[in-house]
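Structure first, then comments.
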Amino acid sequence: MKIPRSHPRYNSLKTRELIVEGIRGGITSIDGLIAHGRGEVFDYLLGEKTTKSAMKSIEAAAAMLLTAKHPVVSVNGNTAALVPTDISELAKIIPAKLEVNIFHTSKNREVKIKNHLIQNGAKEVLLPQKNVKINFLESNRRYVNKTGIYGADVVFVPLEDGDRTEALIKNGKKVIVVDLNPLSRSAQKSTITIVDNITRAVQILNKTIKEYKEYDNDRIKKMIKGYDNKMVLKEALKQINKVLSEK
Ligand code: PTJ
0 MKIPRSHPRY NSLKTRELIV EGIRGGITSI DGLIAHGRGE VFDYLLGEKT
50 TKSAMKSIEA AAAMLLTAKH PVVSVNGNTA ALVPTDISEL AKIIPAKLEV
100 NIFHTSKNRE VKIKNHLIQN GAKEVLLPQK NVKINFLESN RRYVNKTGIY
150 GADVVFVPLE DGDRTEALIK NGKKVIVVDL NPLSRSAQKS TITIVDNITR
200 AVQILNKTIK EYKEYDNDRI KKMIKGYDNK MVLKEALKQI NKVLSEK
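Following numbering that gives the first Met the number 0, the numbering of the sequence shown begins with 0 at its first residue and continues without gaps.
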């Protein structure tokens, strides 16, 4: 569909189109529409901008990814449709492994996500292996790659369904989540929660990582130490309250 540039909701409609194209191309699950709708509501309530508290999370995430020994960027069907170039760039600049990990089981979709990322700049994309699992999880997301998520110390998991965040933490990993809903299980359980739209957050994260590469290690470590995820989630809820009361 051709969306006129003058439409007041141009960006939002263009983003929706990416999800619809993702579904048509076999990259995104049909359930991705529901997830996207939920995200849109929270984005609206947050004022459709990267808030100060989201910036704190992005900064801490950049620091944690740069100091990780074995960082992995996990990609599902919505992330691949919305930000294939930015997420591929993120893996390149950290550098981290990129691994496909989806909730709604489909071998075909895993391969399509991998190919889509490669077409958008990724060098290597790992797929889950049927004989490699993480503990404490029953869903398809338990299958991981031996050289990727299985041995990772930090996992970046945008648009997550909550139980995997919890399972990854129980498996001894640090988890960075991007989720517009500050009340979701993944937002509440992760090490760092970036309460922002992935369409904005990854670009800013990439820029921040490039900048922090110049910083010394002590400065980076202090940033991680000083970060308080509970506080960031409270600030996100306050922001929602503020937007609602101003209306
Ligand atoms: O490709 P698959 O099979 O792995 O499926 C991916 C989805 C996203 C469909 C699956 O993980 C799922 O069902 O997720 P949930 O449980 O609906 O959670 C998605 C979360 O992401 C919700 O809390 C949404 O508010 C949030 N969300 C949706 N769109 C965005 C978002 N957060 C950040 N940016 C968005 N654009």
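No residue lacks a Cβ here, since even glycine has one placed at the ideal position from N, Cα and C.
Delimiting residues of the beta strand (DSSP E) encompassing leucine 97: 96 to 99
Paired residues, beta bridge with serine 193 - DSSP: A small fix is needed here, since residue 193 is isoleucine in this sequence, not serine. Bridge partners of isoleucine 193: Val177.
Whole-Å CB distance - lysine 173 paired with threonine 190, under 8 Å assumed: 4 Å
Contact check, isoleucine 148 vs asparagine 77, beta carbons under 8 Å: no
Proximity to alanine 80 [Cα-Cα], best of His103, Met63, Gly25: Gly25
Which of helix, strand or coil DSSP assigns to tyrosine 9: helix
Cβ contact (3+ pairs, closer than 8 Å) linking the stretch 107 to 117 and the stretch 213 to 229: no
Given valine 124 as reference, the closest of Asn134, Tyr9, Asn107, Val71 once Cα atoms are compared: Val71
Status (buried if at least 16 other CB within 10 Å, exposed otherwise) for valine 201: buried
Through-space distance from methionine 63 to methionine 222, alpha-carbon basis: 9 Å
heavy atom of the ligand PTJ below 7 Å from aspartate 30 C-beta: yes
Per-residue burial, serine 244 [other beta carbons within 10 Å of its own, 16 or more giving buried]: exposed
Coil, strand or helix - phenylalanine 102 by DSSP: coil
Runs of alpha helix (DSSP H) lying entirely within the stretch 28 to 100, each at least 4 residues, in chain order: 31 to 45, 51 to 66, 76 to 81, 83 to 92
Leucine 204 versus asparagine 240: straight-line alpha-carbon distance, rounded: 26 Å
Residue range of the alpha helix (DSSP H) that includes valine 231: 228 to 245
heavy atom of the ligand PTJ below 7 Å from serine 183 C-beta: yes
Touching by the beta-carbon criterion (3+ pairs, under 8 Å), the stretch 177 to 184 and the stretch 35 to 43: yes
The ligand PTJ heavy atom lying under 7 Å from the CB of glutamate 159: yes
Backbone secondary structure at leucine 116 - three-state DSSP: helix
Residues of its chain near threonine 146, where Cβ-Cβ distance is below 8 Å and the 5 sequence neighbours each way are ignored: Lys96, Leu125
Buried or exposed by the 16-neighbour rule on C-beta atoms within 10 Å, applied to tyrosine 9: exposed
6 Å Cβ shell around glycine 46 - same chain, five flanking residues per side excluded: Val242
Residue(s) in a DSSP beta bridge with valine 156: Val176
Euclidean distance between Cα positions of leucine 167 and isoleucine 57: 20 Å
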